[in-house]
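Participant: In order, the protein sequences belong to chains A and B.
Take the first sequence: its letter number 30 is residue 29 in numbering that gives the first Met the number 0, and every next letter is one higher.
Take the second sequence: its letter number 8 is residue 7 in numbering that gives the first Met the number 0, and every next letter is one higher.
I have a structure I would like to understand better, so I am pasting it below and will then ask my questions one at a time.
Protein chains: 2
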Amino acid sequence: MEQIGYAPPPPNLDAVFAALADPTRRAILSRLAQGDASVGELALPFKMSQPAVSKHLKVLEKAGLVQRGIDKQRRPARLNAEPMAAAIDWLETFRDFWSSSFDQLDDLLESLKKQTPEGDPP
Amino acid sequence: MEQIGYAPPPPNLDAVFAALADPTRRAILSRLAQGDASVGELALPFKMSQPAVSKHLKVLEKAGLVQRGIDKQRRPARLNAEPMAAAIDWLETFRDFWSSSFDQLDDLLESLKKQTPEGDPP
DNA sequence: TTGTTCCATAACCAGAAGGTAATATAAATA
DNA sequence: TATTTATATTACCTTCTGGTTATGGAACAA
Chain A
0 MEQIGYAPPP
10 PNLDAVFAAL
20 ADPTRRAILS
30 RLAQGDASVG
40 ELALPFKMSQ
50 PAVSKHLKVL
60 EKAGLVQRGI
70 DKQRRPARLN
80 AEPMAAAIDW
90 LETFRDFWSS
100 SFDQLDDLLE
110 SLKKQTPEGD
120 PP
Chain B
0 MEQIGYAPPP
10 PNLDAVFAAL
20 ADPTRRAILS
30 RLAQGDASVG
40 ELALPFKMSQ
50 PAVSKHLKVL
60 EKAGLVQRGI
70 DKQRRPARLN
80 AEPMAAAIDW
90 LETFRDFWSS
100 SFDQLDDLLE
110 SLKKQTPEGD
120 PP
């Protein structure tokens, strides 16, 4: 028995969000939250070919969301949620903006009477 | 002055995560966190054509992350972070899995000695 | 050894994504 | 009215994505 692919790369938000953008992959992650699963086990409930699932797993793996093991002929997948924390970290920087969504429309109407204001981007 | 596109659609995680998967779009969102901006203002710092930015804005709009206004010839974009909350909600369901990332490798090694366990998917 | 199970890989395809340049449109300005 | 400004739209191109079938290889089982 072995383990491959040590030292998962630092979370790449591009890859992480892209991986999460597919419903099949999110379902796979949810499934893996209940325990490791082989490719075959994952392929069953989704009416999809086995190679398709292998592809999805590879996308999840490159995003660091899944690690693979080796167990006889199987290559069990295990959830690695750390990149999700990175995604949340990024999203949290916007937290201020969804607490005050009340009079947001009023704000918009108001702000547009003046000219558009400040700001220099990345 | 007017406002268009009322009643933003309920957050679609597919669209939200896909929108977030592009670094230009994340940069646009960060920029908008500092204040509304017109298309031209957004296009400047990114060395990209104006139509490209318009496309990105449309993706963000469909994901509900941005609302557009009308101010004379301008169509200022405003951040709407609510869909981010939905994204976080989904991600938070995995929170258990990134607190215990210590001996995760050991866990993996251990679990693979037995057969793969339980679980029935979506 | 032979077959079977589990998975990966290759080749292929249609459609979506991300970019461009060129053009059209709408509102402000001269 | 003519021009300029701000944005959208169109047409086009290339690359990526998500799926397929077919095939190959490794490990177990008979």
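Every residue gets a Cβ at the ideal spot worked out from N, C-alpha and C, and that includes glycine.
Under 7 Å, Cβ to Cβ, is there at least one residue of chain A near proline 125/B?
Facilitator: Residue 125/B falls outside the range modelled here, since chain B spans only 0 to 121, and no answer is possible.
Participant: Alpha carbon to alpha carbon, what distance is there between serine 48/A and leucine 43/B?
Facilitator: If I take the Cα positions, the gap works out to 45 Å.
Participant: For a quick check, are the C-beta atoms of phenylalanine 96/B and alanine 80/A less than 7 Å apart?
Facilitator: For phenylalanine 96/B and alanine 80/A, yes; Cβs fall inside 7 Å.
Participant: Classify aspartate 119/B as buried or exposed, calling it buried when 16 or more other Cβ atoms lie within 10 Å of its own Cβ.
Facilitator: No answer about aspartate 119/B holds up, because its pLDDT of 28 lies below 50 and its placement is not dependable.
Participant: Please list, in chain order, all residues of the same chain as arginine 128/A whose beta carbon is under 6 Å from its beta carbon, the five residues on each side excluded.
Facilitator: A question about residue 128/A goes unanswered here, because the residues of chain A that appear run from 0 up to 121.
Participant: Give a yes or no on contact between the segment 24–31 of chain A and the segment 57–74 of chain A, applying the rule of three or more CB pairs nearer than 8 Å.
Facilitator: Yes, since at least three Cβ pairs between the segment 24–31 of chain A and the segment 57–74 of chain A fall closer than 8 Å, the two stretches touch.
Participant: When you compare the CB of leucine 64/A with every CB in chain B, is at least one pair closer than 7 Å?
Facilitator: Output row for leucine 64/A: interface = no.
Participant: Mind checking which residues open and close the beta strand (DSSP E) that includes arginine 77/A?
Facilitator: Looking at the DSSP string, the run of the beta strand (DSSP E) that includes arginine 77/A is 76–78.
Participant: In or out: glycine 39/A buried (at least 16 other Cβ within 10 Å) or exposed?
Facilitator: So glycine 39/A counts as exposed.
Participant: Please determine whether the Cβ atom of asparagine 79/A lies at a distance below 6 Å from any heavy atom of the ligand ATP.
Facilitator: Ligands displayed in this structure: none; no statement on the ligand ATP is therefore possible.
Participant: With C-beta atoms as the reference, is alanine 85/A less than 7 Å away from proline 22/A?
Facilitator: Going by C-beta atoms, alanine 85/A is not nearer than 7 Å to proline 22/A.
Participant: Taking only the alpha-carbon atoms, compute the straight-line gap between phenylalanine 45/B and isoleucine 69/A and give it to the nearest angstrom.
Facilitator: Whole-angstrom Cα-Cα distance: 45 Å.
Participant: On the three-state DSSP scale, how would you describe arginine 73/B?
Facilitator: Of the three classes helix, strand and coil, the one that applies to arginine 73/B here is strand, per DSSP.
Participant: Which class does glutamine 66/A belong to by DSSP, given the choice of helix, strand or coil?
Facilitator: Here glutamine 66/A sits in strand by DSSP.
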